[in-house]
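Asks: Residues are numbered in our numbering as their position in the sequence shown, beginning at 1, plus a constant of 1.
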Amino acid sequence: METVASVFHGKLNILINNVGNQIWKPTVEYTAQDFAFHISANFESAYHLCQISYPLLKASGAGNIIFMSSISGVTYYLSSGSLYSATKVPSLAAALTQLTKNLACEWANDGIRTNRVAPGFIRTPLREPFLNDEHTRKAGCTQAPLRRIGEAEEVSPLVAFLCMPTASYITGQTICVDGGATVKSSPT
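1) Please state whether the Cβ-Cβ distance between G121 and G151 is less than 8 Å.
2) Report the rounded CA-to-CA distance for R114 versus T28, giving the unit in angstroms.
3) Give me the Cα-Cα distance between Y170 and K139, rounded to the nearest whole angstrom.
4) Are the beta-carbon atoms belonging to I67 and L104 less than 8 Å from one another?
5) Would you give the residue range spanned by the beta strand (DSSP E) that A109 belongs to?
6) On the criterion of 16 or more Cβ atoms from any shown chain inside 10 Å, does Q99 qualify as buried, or is it exposed?
7) Can you check DSSP and say which residues form a bridge with V118?
8) Should the region 152-161 be called in touch with the region 43-59, which here means at least 3 C-beta pairs below 8 Å?
9) Check whether the Cβ atoms of L159 and V118 sit closer than 8 Å, and answer yes or no.
10) Consult DSSP for I171 and reduce its assignment to one of helix, strand or coil.
11) Pull up the DSSP beta-bridge partners for I24, would you.
Now the structure itself:
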């Protein structure tokens, strides 16, 4: 953080917490080490980065934290057409949702806003192997009323907007970019 502080003159306007990792196997096969890996990679890293960034965000007077995490923390979501992530990923995404809300309240007086962007089935390099599987690709398309896979270019403008002064009254929110998947009562 000392390097960041010197490069940005002691202030940080935007922190994007965009980390995620997955071990693809059924919940009953998860070891304690597997679960600890998920907690560390998907929650603790974001939490601690917020902690160490806090002084720089506060110094800016208008700090923004964006957490990137899936829609699985908002609703049931058949991630990548597999039930293998049906318990682990949603639990951590829900934890980030709550962290977003807590920090929005705790750090508001310091001029820091926090929001969470929750993408649905979006084409990314991490998703490409799953998109090569026709069953998984179709499952991803049928989960959303728009019946297609989203593109990263459809998520990034929202992230940029949330960091702009015009969004200065938005904090503590989770905004889904999912083609409508979260408005359905269950996957089809």
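Glycine included, every Cβ here is placed at the ideal spot set by N, Cα and C.
Replies: Reading off the structure:
1) yes
2) 35 Å
3) 38 Å
4) no
5) No beta strand (DSSP E) holds A109; DSSP gives it neither H nor E.
6) exposed
7) M69 and I176
8) no
9) yes
10) coil
11) None; I24 has no bridge partner.
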